Amino acid sequence: MPLAADDLTALADAALGSAAGCQAAELRVERIRSQMVRLHDAHPETTADDTDFGMGVRVVVDGAVGFAATVDVRPEEAANLVRQAMEMARVTSRAGGGRVELAPEPSHGDVTWTSAFEIDPSTVPMAEKIALLSEWSSRLGDHPAVSHTTASLLAVSEQTYLADLNGTRATQHRVRLQNQLEALAVSDSGFETMRTLAPPVGRGWEFLTGPTDDGNWNWDAELAQLPELLADKLRAPSVQAGTYDLVVDPSNLWLTIHESIGHATELDRAVGYEAAYAGTSFATFDKLGTLAYGSPVMHVTGDRTVEHGLATIGIDGEGVEGQSFDLVRDGTLVGYQLDRSIAAAMGFERSNGCAFADSPMHVPIQRMANVSLAHSGSDGPSTDELIAGVERGIYIAGDKSWSIDMQRYNFQFTGQRFYRIEDGKLAGQMKDVAYQATTTDFWGAMEAVGGASTWVLGGAFNCGKGQPGQVAPVSHGCPSVLVRGVRVLNTREESGR
Amino acid sequence: MIPAQELVERGVAAADAAGADACIVLVEEGSHADVRFAQNTTTTNGVHRARSVSVVTMAAGSVGTSRQTGVVGTAGVDDMVAAALADAREAPPAEDAFPLVEPWGGTLGRDFGLAPEETDAAILDGVLSSLSGAFGRARARDAVLAGFAELDVMTLYLGSSTGVRLSHLQPTGAVNLVGRTTDGKGSAWVGEPSITPSMEVMEREIWRRLDWAKRQVSLEAGRYEVILPPSGVGDMMAELAFGGLGGRDAEDGRTVFSSEGGGTRVGDRIASLPFTLFSDPCEAGVECAPFVAAEASSSEVSVFDNGLPVRRVDWLHEGVLAHLRYHRAGAAKSGVEVAPTFDNLVLHCAGAAGGSVDDMVARTERGLLLTCLWYIREVDPATLLLTGLTRDGVYMIEDGAVVGAANNFRFNESPVDLLARATEVGTPVRALGREFGEYLNRLIMPPLRIPDYNMSSVSQAS
Chain U
861 MPLAADDLTA LADAALGSAA GCQAAELRVE RIRSQMVRLH DAHPETTADD
911 TDFGMGVRVV VDGAVGFAAT VDVRPEEAAN LVRQAMEMAR VTSRAGGGRV
961 ELAPEPSHGD VTWTSAFEID PSTVPMAEKI ALLSEWSSRL GDHPAVSHTT
1011 ASLLAVSEQT YLADLNGTRA TQHRVRLQNQ LEALAVSDSG FETMRTLAPP
1061 VGRGWEFLTG PTDDGNWNWD AELAQLPELL ADKLRAPSVQ AGTYDLVVDP
1111 SNLWLTIHES IGHATELDRA VGYEAAYAGT SFATFDKLGT LAYGSPVMHV
1161 TGDRTVEHGL ATIGIDGEGV EGQSFDLVRD GTLVGYQLDR SIAAAMGFER
1211 SNGCAFADSP MHVPIQRMAN VSLAHSGSDG PSTDELIAGV ERGIYIAGDK
1261 SWSIDMQRYN FQFTGQRFYR IEDGKLAGQM KDVAYQATTT DFWGAMEAVG
1311 GASTWVLGGA FNCGKGQPGQ VAPVSHGCPS VLVRGVRVLN TREESGR
Chain Z
-17 MIPAQELVER GVAAADAAGA DACIVLVEEG SHADVRFAQN TTTTNGVHRA
33 RSVSVVTMAA GSVGTSRQTG VVGTAGVDDM VAAALADARE APPAEDAFPL
83 VEPWGGTLGR DFGLAPEETD AAILDGVLSS LSGAFGRARA RDAVLAGFAE
133 LDVMTLYLGS STGVRLSHLQ PTGAVNLVGR TTDGKGSAWV GEPSITPSME
183 VMEREIWRRL DWAKRQVSLE AGRYEVILPP SGVGDMMAEL AFGGLGGRDA
233 EDGRTVFSSE GGGTRVGDRI ASLPFTLFSD PCEAGVECAP FVAAEASSSE
283 VSVFDNGLPV RRVDWLHEGV LAHLRYHRAG AAKSGVEVAP TFDNLVLHCA
333 GAAGGSVDDM VARTERGLLL TCLWYIREVD PATLLLTGLT RDGVYMIEDG
383 AVVGAANNFR FNESPVDLLA RATEVGTPVR ALGREFGEYL NRLIMPPLRI
433 PDYNMSSVSQ AS
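Going line by line, the protein sequences match chains U and Z.
For the first sequence, the numbering used here begins at 861 and goes up steadily by one.
For the second sequence, the numbering used here begins at -17 and goes up steadily by one.
Spelled out as structure tokens, the structure:
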């Protein structure tokens, strides 16, 4: 944070001292540094080094919400922001409607929280980032099967300060990093691409260069195998559309969890507050405790505490402590993700800490916790053992295309790598695969979940929600799973070819 | 805060003093107001002002960049120049390196000396006044309204070490309105790319569509004749532009416009009807920046091209693929015309019958009227196959009239194939894409009749 503790206190005092008459008020001061490097054929194509610095104030006054923000981070402007936010609450409440209440949250006093990382990636010189990606791109590009390469690195260092009328003063710092390389192979019969499977993580630069026995990625191994895998994919037969048993790798399944469970269990959606944009949810509030979401082996948690999680935080954007909670237990819907307003509106005693704003210019809204599928324990099956239980099926790894409807029923996903399973063994790659299902059918057909050794924390930097649009980072941990009888499409046939 | 123009001059001078070969400074002065509503009540809202400063420095053909959103003063811009120059001196040569644009003799954009323009909460008065009554009418109809209204006003200042000084004012507004019956069976959307639309007209259209939904029709997946309204056409064309028009990517061999055996498909006939898809910063109603303003380079846009005049480009001309996107360095390398950027899209078809969506419904014996498309994602870049869903209203047409609402569908379709198969083209109108409207607000699109739209499966969403 570029401001000293005394300066932050002065901002907080100025803002909150002007909030007389407000039922709630929070000041957020944020400095977010984002760096992006993109290479094409090992040469730099895009470099960007962005810093966003500003502050925002949300108030609740006379049952209405108001928000105002500025880049002018001075105490007199902090006080002025409160007045602007109160005016916004007054103006917008003229349209009528219901009152907003916030679920109570105790004061957490002075909090300092830092995510788990060794090297803040924003401190690594841009030239070092370009050099590393260039060398890795060259390794791929030197293979005769590879026609072109792309590499991209996104690194974020997020420093925030929150002060509210409850007395919480939270200073937090977290970093995240996403690195991907993709190879393109072109032949007379068309082209194929293949991308690395490394997930985005709440880790530092060490994820790229540190020892792999400490949870960092084995880039050497992945880059070594990727060109041959791509060459195999280019030669692979096109899938025959039909119904298949699927063994889904965590590198693909995280996205299915994100879309069909993560968003569906956001209570603001379920009660209609995202109806104009992100949509609503089939998992409506009246089904809490009864909805058969999936098979009995399905246990899903929402979590803002897991180490290296992209949505992990000490105190959320409304001053609520990060928590872990059940969403689906034994296949039944048992919980939702909440912020303070939706918690109060729906009768919960407390928010479970899912408020986030992606910028000091934006109001915090309910955003996704790290929503993860539990594994089946240390004795649970390996991915190979899951595959062994399939007579005719497909093993899918890596994410690519994704889409789901506005109530989270109907989804369609593709992937990076598809292997035919015959009589319990992998029998070579295939291509042009997409799987399509209805959420509860898919999770209801999940026969087995892999053991602890198969569990990986995947995720994304770019989860979109809200108006104005906000982008949130979120992780999803999951094991490999076996799902019976899923509809598989041939994407070339879908396009009429 | 010191004026943006002074910041530009300071940055350019600081780069020169520090020994940079060249420098570009962009300052964006932005203000914003929004209000959101759902369940017949306002929910969140916001007003803010922001300044964003970008410094691009060049040293021996390499580039360094620094961008800050915040109160950047003279010391701050000096620091940004130093950081960008340090990165440039350590970076490998840029593949898009090209001599900077020289000052252009004619009038281009807004007077550089003018102060920025702003908006505030008062701009929402019209929408809020209308909503007050609309919420009551919705409750009386057992319906709920949700939506969003926003206005962004951005004033851009651009200066370079070659003496280019340019400015552009860009307001961007939109209102989305969704009506849902409280039983969850009916849902309708209308959207306008303006902060001052006729809320009365929008509300009336919501009630008309919810009345249509009083009769529900259950349909299976399959291919249907559809009338794709301007919003949906706009989203499909936006995806074509974002995902298909990259010249370098096509030459790599990775897009729908890559030619088998190498090269691109420029010159190939894409559609049997004489569709023209173009971008033009001077097009009435969708005016946008008439020069390149790039904070960072990409495969089609180069920081070296900052200040380059942007003129009309026909991406498709009378059914033939005419241009792909290239920055100057890429165009020089490939021997093609420069066509780096777009911030609006217009689709029309010479000699088309024209008419509104309602006119086309009246000319339909049996088919589906779609409202908008949602969650559109690329499935196969080779064909630009996209998947997505219908949303907030699919209506059954029989004998020239809407007779009820059908279920939603997942579709798998390519915008390139849609243009090839379209059989009727309505009158182009200003449109707001439901999916990509927040990224590409400036569209003029016609409704299209597609005889065999591929509805891959039924969606239970309602």
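We treat Cβ as the ideally placed atom computed from N, Cα and C, and that holds for glycine.
Predicted, not measured: the structure shown is a model, and the values here were computed from it.
Item to check | C-beta contact flag for G46/Z and D78/Z at 9 Å | outcome: 9 Å or more divides the Cβ of G46/Z from the Cβ of D78/Z.
Checklist entry - If you count every other CB in all the chains shown that lies within 10 Å of the CB of R121/Z, and 16 or more means buried, which is it? => result By the neighbour-count rule (16 or more Cβ atoms within 10 Å), R121/Z is not buried but exposed.
Checklist entry - Under a CB-based cut-off of 9 Å, is Y357/Z close to chain U? => result Yes, Y357/Z counts as interfacial toward chain U.
Checklist entry - Does the region -4 to 14 of chain Z come close enough to the region 1198 to 1210 of chain U that 3 or more CB-CB pairs lie under 8 Å? => result As far as the Cβ criterion goes, the region 1198 to 1210 of chain U does not touch the region -4 to 14 of chain Z, which means the pair count is below three.
Next on the checklist: Using 9 Å as the threshold, is the C-beta distance between V283/Z and G141/Z below it?
Outcome noted: Going by C-beta atoms, V283/Z is not nearer than 9 Å to G141/Z.
Item to check | Where R251/Z falls, given that 16 or more other Cβ within 10 Å makes a residue buried | outcome: By the neighbour-count rule (16 or more Cβ atoms within 10 Å), R251/Z is not buried but exposed.
Checklist entry - Comparing alpha-carbon positions, which option in I1247/U, W1262/U, A1312/U lies nearest H1235/U? => result Residue A1312/U is the option with its Cα nearest to H1235/U.
Item to check | Unbroken alpha helix (DSSP H) run spanning L1127/U, endpoints | outcome: L1127/U -> alpha helix (DSSP H) spans 1127 to 1130.
Item to check | Cβ pair V844/U, G926/U closer than 9 Å | outcome: Chain U is shown only over 861 to 1357; residue 844/U falls outside these bounds and no answer can be derived.
Item to check | Chain-order list of residues whose beta-carbon lies under 6 Å from that of D3/Z (same chain, five-residue window excluded) | outcome: Closer than 6 Å at Cβ, skipping near neighbours: M40, A41.
Next on the checklist: Does the contact criterion of 3 or more C-beta pairs under 8 Å hold for the region 255 to 270 of chain Z versus the region 294 to 303 of chain Z?
Outcome noted: Three or more beta-carbon pairs separated by less than 8 Å link the region 255 to 270 of chain Z to the region 294 to 303 of chain Z, which places the two stretches in contact.
Checklist entry - Of all the options M1290/U, R1200/U, R1034/U, which has the alpha carbon lying nearest to the alpha carbon of L1127/U? => result It is R1200/U.
Checklist entry - If we ignore side chains and look at the alpha-carbon of each, how far apart do P397/Z and L367/Z end up? => result P397/Z and L367/Z: Cα-Cα distance of roughly 8 Å.
Checklist entry - Which residue or residues does DSSP assign as beta-bridge partners of W356/Z? => result Bridge partners of W356/Z according to DSSP: L371/Z.
Checklist entry - In angstroms, rounded to a whole number, what distance separates the CA positions of E1251/U and A1297/U? => result If I take the Cα positions, the gap works out to 21 Å.
Item to check | Within 9 Å, strictly: CB atoms of V1334/U and G1169/U | outcome: Contact flag set, yes.
Item to check | Sheet register partners of F260/Z (DSSP bridge) | outcome: Beta-bridge pairing by DSSP links F260/Z to D296/Z, V328/Z.
Checklist entry - Which bits of chain Z does G1356/U rub up against, with CB to CB less than 7 Å? => result By Cβ distance, chain Z contributes D399.
Next on the checklist: Could you check whether T983/U and E890/U sit closer than 9 Å to each other, using their CB atoms as the reference points?
Outcome noted: No; because the gap between Cβ atoms is not below 9 Å, this pair is not in contact.
Checklist entry - Under 8 Å Cβ-Cβ, which residues of chain Z neighbour Y1137/U? => result Residues of chain Z whose Cβ lies closer than 8 Å to the Cβ of Y1137/U are, in chain order, F130, N158.
Checklist entry - Excluding the five sequence neighbours on either side, which residues of its own chain have a C-beta within less than 6 Å of the C-beta of P153/Z, listed in chain order? => result Only residues of its own chain outside the window of five on either side were considered, and among them V135 have a CB closer than 6 Å to the CB of P153/Z, listed in chain order.
Checklist entry - Looking only at C-alpha atoms, which of G386/Z, A97/Z, V238/Z sits nearest to Y377/Z? => result Taking only the C-alpha atoms, the option nearest Y377/Z is G386/Z.
Item to check | Collapsed DSSP secondary structure at D340/Z in the structure displayed | outcome: D340/Z falls in the helix class under three-state DSSP.
Next on the checklist: For R1034/U and T930/U, what's the separation of their Cα atoms in angstroms?
Outcome noted: Between R1034/U and T930/U, the C-alpha separation is close to 22 Å.
Checklist entry - What residues from the region 26 to 37 of chain Z come within 8 Å of chain U, judged by C-beta to C-beta, listed N to C? => result Of all residues in the region 26 to 37 of chain Z, T26, N27, G28, V29, H30, R31, A32, R33 have a Cβ within less than 8 Å of some Cβ in chain U.
Item to check | Buried versus exposed call for P212/Z [16 or more other C-beta atoms within 10 Å across all chains shown] | outcome: Residue environment for P212/Z: buried (at least 16 other C-beta atoms within 10 angstroms of its C-beta).
Item to check | Integer Cβ distance of L1090/U from A1043/U, believed to fall under 8 Å | outcome: Right, their Cβ atoms sit about 5 Å apart.
Checklist entry - Are the Cβ atoms of K1291/U and K1093/U separated by less than 9 Å? => result It is a contact, given that the beta carbons lie within the stated cut-off.
Checklist entry - For the beta strand (DSSP E) that contains L255/Z, what are its first and last residues? => result Counting along the chain, L255/Z falls outside any beta strand (DSSP E), and DSSP gives it neither H nor E.
Item to check | Helix, strand or coil at I379/Z [DSSP, three-state] | outcome: I379/Z: strand per DSSP, three-state reduction.
Checklist entry - At what residue ranges does the region 173 to 236 of chain Z contain a whole run of the alpha helix (DSSP H), taking only runs of 4 or more? => result If we require 4 residues or more, the alpha helix (DSSP H) runs fully inside the region 173 to 236 of chain Z come out as 181 to 194, 212 to 226, 229 to 234.
Checklist entry - Does the region 95 to 111 of chain Z touch the region 165 to 175 of chain Z, meaning 3 or more C-beta pairs lie closer than 8 Å? => result Not touching, per the Cβ criterion.
Next on the checklist: I need the straight-line Cα distance from A924/U to V17/Z, nearest angstrom please.
Outcome noted: Taking the straight line joining both Cα atoms gives about 12 Å.
Next on the checklist: Does L96/Z pass the burial test, meaning 16 or more other C-beta atoms within 10 Å, or should it be called exposed?
Outcome noted: Looking at its Cβ environment, which holds fewer than 16 other Cβ atoms inside 10 Å, L96/Z is exposed.
Next on the checklist: Can you tell me whether N22/Z is helix, strand or coil according to DSSP?
Outcome noted: Note: N22/Z maps to coil in three-state DSSP.
Item to check | Rounded Cβ spacing between Y357/Z and G370/Z (contact assumed at less than 8 Å) | outcome: Between Y357/Z and G370/Z, the beta carbon gap of about 5 Å places them in contact (Cβ cut-off 8 Å).
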